[in-house]
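Chemist: Take a look at this one; I'll ask things after.
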Amino acid sequence: MRATWDIFCNVIDNYGDIGIAWRLARGLVKDHGFDVRLWVDDMQAFHRIWPAFTSDGDQQVCEGVRVCAWRTPFVTTEPAQVVIEAFGCALPESYLTAMSVRAPAPVWINLEYLSAEAWVAGHHGLPSPHPRLPLTKYFFFPGYTPDTGGLLVEADLADKRATFLENSLPAFWCQFGLELPAADELRVSLFAYENPALPALLDAWAADARPITCLVPEGRVTPQLAAWLAVYDLKAGEVHQRGALRLQIVPFTDQDAYDHLLWACDLNFVRGEDSCVRAQWAARPLVWQAYPQDERAHWEKLDALLTRYTVGLDGVSADAVSALWRCWNGMGDATEMARCWANWRARQTAIERHAQAWTTRLRLAGRLTGKLVEFAENKLK
Ligand code: TRH
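Okay, here's the thing in structure tokens:
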């Protein structure tokens, strides 16, 4: 019989929670052949990252995953053998009770947020007994080292990327009305939160000595771009030229098409968690905007990733990468942006080489899906 898994996802805001839960669910079906249900409390958010999902009913099968509406009160259902609570979302009480009487008890795992911080390895896999019920929850921490839960990546991702780069670039650019990039042109994707440093970055791009094409998926940053362009509104499909900068708003697509954008661009601005990891697997330079947290906890996360990411880069290039990432995250004066950009540009070739090499190091952390399966199977024994 196929192993059964239930994944619960409470969408707080943005697309990271559902994006990661969905990627995991797909991986468990595709790479392991499990019977997976994904319980989601916000079907609209799911529809945004997977437009093929159109159901307004209780469930729809997508890519072999049963995507189910998580409603209150919760439906009566037999719990799966493995239960994943994504990012500490509290499971429905009735489901927990059903878990407590199931024999054998399900393996209950809380999938945590990704961080490059050193404390992650020490917390990975720790148990937490339920105060009342005969159940134990385990904390599963993704991370950048082999002693953590590793990173989400499909077994065939590198092959898919290579095939795309070999065969599909002209058609990819054509959908945006673009030819293949000119020799001196830089193509950038920009997926970001509202950011006080954005106008200074756009100024620097407009003043660049070489052409820059920036593709921006429609979203939170669009109003700020409209303000900088001094236009009333911006919609997908619009193109604006300011100096060396061609700004193009593109539709928000499904996850797979977003990968194509990351693979095709020379530099990707990404945010949160999932797009940051995908940009790293894209083997292209990236600039990460960490999800803003209280008391600037995200600055520590940013520095922790920078510390790992810049190992192996020469000192000047490492400084250029760090300065640009930090300036983009408000850890410095936005007026420094022009200088940060010029320094990054001067080191671009070394940074590009490094982005390729980084994927080899990244692989050492291990594949999250496989590690999670192994972890659950050990507990089921
Ligand atoms: O949307 P985010 O800002 O999500 C955030 C973070 O995950 C953060 O850690 C979390 O605490 C917060 O949500 C609640 O960024 P992230 O993580 O990159 O997720 C975006 C998802 O959207 C990712 O799966 C990629 C996907 N995506 C598309 O499918 N199509 C697109 O066009 C784009 C731009 C993104």
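Here the numbering used here runs 10 ahead of the position in the sequence shown, where the first position is 1. Virtual Cβ for every residue (Gly too), placed ideally from N, Cα, C.
Looking only at C-alpha atoms, which of ALA344, ASP266, LEU315, ASP329 sits nearest to TRP368?
Modeler: As a first step, residue 368 is located in the sequence shown; it is residue number 358 there, counting from the start. It is LEU315.
Chemist: Evaluate the contact criterion for the region 121 to 135 versus the region 46 to 57: three or more CB pairs, one atom per stretch, below 8 Å.
Modeler: Result no; under three Cβ-Cβ pairs closer than 8 Å.
Chemist: Identify which residue in PHE18, GLN358, MET109 has its Cα closest to the Cα of ARG197.
Modeler: Mapped onto the sequence shown, residue 197 falls at position 187. Nearest of PHE18, GLN358, MET109 to ARG197, Cα basis: GLN358.
Chemist: Taking ILE22 as part of the beta strand (DSSP E), name the residues at either end of that continuous run.
Modeler: Here the question's residue 22 lines up with position 12 in the sequence shown. Note, ILE22: premise wrong, no beta strand (DSSP E); not H, not E.
Chemist: Mind pulling the alpha helix (DSSP H) runs of 4 or more residues that sit fully within the region 94 to 118?
Modeler: For the region 94 to 118, whole alpha helix (DSSP H) runs of length 4 or above, ordered along the chain, are 103 to 110.
Chemist: Got a sec? Which residues, its chain only, sit under 7 Å from PRO61 by beta carbon, not counting five neighbours each side?
Modeler: Walking along the sequence shown from the start, residue 61 turns up at place 51. Taken in chain order, the residues that qualify are ASP264.
Chemist: By Cβ distance below 7 Å, which residues in the same chain neighbour PRO116 in space, the five residues on each side in sequence not counted?
Modeler: The sequence position of residue 116 within the sequence shown is 106, counting from 1. Excluding positions up to five away in sequence, the list reads PRO89, ALA90, GLN91, VAL92, VAL93, MET109.
Chemist: Just to confirm, is the Cβ distance from ASP45 to THR14 under 8 Å?
Modeler: In the sequence shown, residue 45 corresponds to position 35, counting from 1. In the sequence shown, residue 14 corresponds to position 4, counting from 1. Yes. Within cutoff.
Chemist: Use the C-beta contact count for GLN185: other C-beta atoms within 10 angstroms, 16 or more gives buried, fewer gives exposed.
Modeler: Here residue 185 corresponds to residue number 175 of the sequence shown, with the count starting at 1. By the 10 Å Cβ count, GLN185 comes out exposed.
Chemist: Closer than 7 Å: is that where the CB of TYR242 sits relative to any heavy atom of the ligand TRH?
Modeler: Taking the first residue of the sequence shown as 1, we reach residue 242 at position 232. Incorrect: TYR242 has no Cβ contact closer than 7 Å to the ligand TRH.
Chemist: What are the start and end residues of each continuous alpha helix (DSSP H) run of 4 or more residues lying completely inside the region 273 to 331, in chain order?
Modeler: You should have 284 to 291, 307 to 319.
Chemist: Name the residue from GLY26, THR345, GLY74 whose alpha carbon lies nearest to the alpha carbon of ARG58.
Modeler: Residue 58 sits at position 48 when you count from the first residue of the sequence shown. Taking only the C-alpha atoms, the option nearest ARG58 is GLY26.
Chemist: When you compare the CB positions of ASP41 and THR379, do they come within less than 8 Å of one another, or not?
Modeler: Within the sequence shown, the letter at position 31 stands for residue 41. Within the sequence shown, the letter at position 369 stands for residue 379. For ASP41 and THR379, yes; Cβs fall inside 8 Å.
Chemist: Using the Cβ count rule (16 or more neighbours within 10 Å means buried), how would you classify HIS270?
Modeler: The count along the sequence shown starts at 1 and reaches residue 270 at position 260. So HIS270 ends up on the buried side.
Chemist: Cα-Cα, which of LEU161, PRO233, ARG171 is closest to LEU272?
Modeler: The residue you call residue 272 lines up with position 262 of the sequence shown. Nearest C-alpha to LEU272: ARG171.
Chemist: Check the C-beta distance from SER199 over to CYS275 and give it rounded, since I have them as a contact under 8 Å.
Modeler: To locate residue 199, count along the sequence shown from 1; it is residue 189. To locate residue 275, count along the sequence shown from 1; it is residue 265. Going by Cβ atoms, the distance from SER199 to CYS275 rounds to 5 Å, so yes, they are a contact pair.
Chemist: Considering PRO180, what are the terminal residues of the beta strand (DSSP E) in which it resides?
Modeler: Against the sequence shown, residue 180 aligns to sequence position 170. First-last for PRO180: 179 to 184, but that is the alpha helix (DSSP H), not the beta strand (DSSP E).
Chemist: Residues in the same chain with beta-carbon distance under 7 Å from SER332, minus the five sequence neighbours each way, listed in chain order, please.
Modeler: What you label residue 332 is simply residue 322 of the sequence shown in a count that begins at 1. Here the set comprises LEU316, THR320.
Chemist: Name the residue from ALA328, LEU38, GLU362 whose alpha carbon lies nearest to the alpha carbon of GLU164.
Modeler: Start at 1 with the first residue of the sequence shown, and residue 164 comes out as number 154. The residue with the shortest Cα to Cα distance from GLU164 is LEU38.
Chemist: Comparing the CB of PRO61 with every heavy atom of the ligand TRH, is any distance shorter than 7 Å?
Modeler: The residue labelled residue 61 in the question sits at position 51 within the sequence shown. No, Cβ of PRO61 sits at least 7 Å from all heavy atoms of the ligand TRH.
Chemist: Would the C-beta of GLN265 count as close to the ligand TRH, meaning under 7 Å from any of its heavy atoms?
Modeler: Indexing the sequence shown from 1 puts residue 265 at position 255. Yes, the ligand TRH has a heavy atom inside 7 Å of this Cβ.
Chemist: From what residue to what residue does the alpha helix (DSSP H) around LYS389 run?
Modeler: Residue numbering aside, residue 389 sits at position 379 when the sequence shown is read from its first letter. Where LYS389 is concerned, the enclosing alpha helix (DSSP H) stretches over 378 to 390.
Chemist: Between the Cα of CYS99 and those of PRO114, VAL111, ARG112, TRP118, spot the shortest distance and give me the residue it belongs to.
Modeler: Taking the sequence shown and counting its residues from 1, the one referred to as residue 99 is at position 89. Among PRO114, VAL111, ARG112, TRP118, the Cα nearest to that of CYS99 belongs to TRP118.
Chemist: Report the three-state DSSP secondary structure of ASP45 (helix, strand or coil).
Modeler: Along the sequence shown, one-based indexing puts residue 45 at 35. ASP45 falls in the strand class under three-state DSSP.
Chemist: Under 8 Å, do ALA300 and THR158 count as touching if we go by C-beta distance?
Modeler: Position 290 of the sequence shown, counting from 1, holds the residue named residue 300. Position 148 of the sequence shown, counting from 1, holds the residue named residue 158. No, they are not a contact pair.
Chemist: Taking only runs of the beta strand (DSSP E) that begin and end inside the region 177 to 238, which ones reach a length of at least 3 residues, in chain order?
Modeler: The region 177 to 238 contains these whole beta strand (DSSP E) runs: 196 to 200, 222 to 227.
Chemist: Over what stretch of residues does the alpha helix (DSSP H) that includes LEU255 continue unbroken?
Modeler: The residue you call residue 255 lines up with position 245 of the sequence shown. LEU255 -> not in any alpha helix (DSSP H); beta strand (DSSP E) instead, spanning 255 to 260.
Chemist: Using the Cα positions of ARG47 and LEU101, report the straight-line distance between them to the nearest angstrom.
Modeler: For the purposes of this step, residue 47 is identified with residue 37 of the sequence shown, where counting begins at 1. For the purposes of this step, residue 101 is identified with residue 91 of the sequence shown, where counting begins at 1. One C-alpha to the other measures close to 14 Å.
Chemist: Return the CA-CA distance between TYR9 and LEU136, expressed in angstroms with no decimal places.
Modeler: This structure leaves residue 9 out entirely; the chain is present only between 11 and 391.
Chemist: Leaving out five residues before and five after THR146 in sequence, what residues of the same chain have Cβ atoms less than 6 Å from its Cβ?
Modeler: To locate residue 146, count along the sequence shown from 1; it is residue 136. Contacts found: PRO137, PRO139.
Chemist: Comparing the CB of PHE262 with every heavy atom of the ligand TRH, is any distance shorter than 7 Å?
Modeler: Within the sequence shown, the letter at position 252 stands for residue 262. Result yes, Cβ under 7 Å from the ligand TRH.
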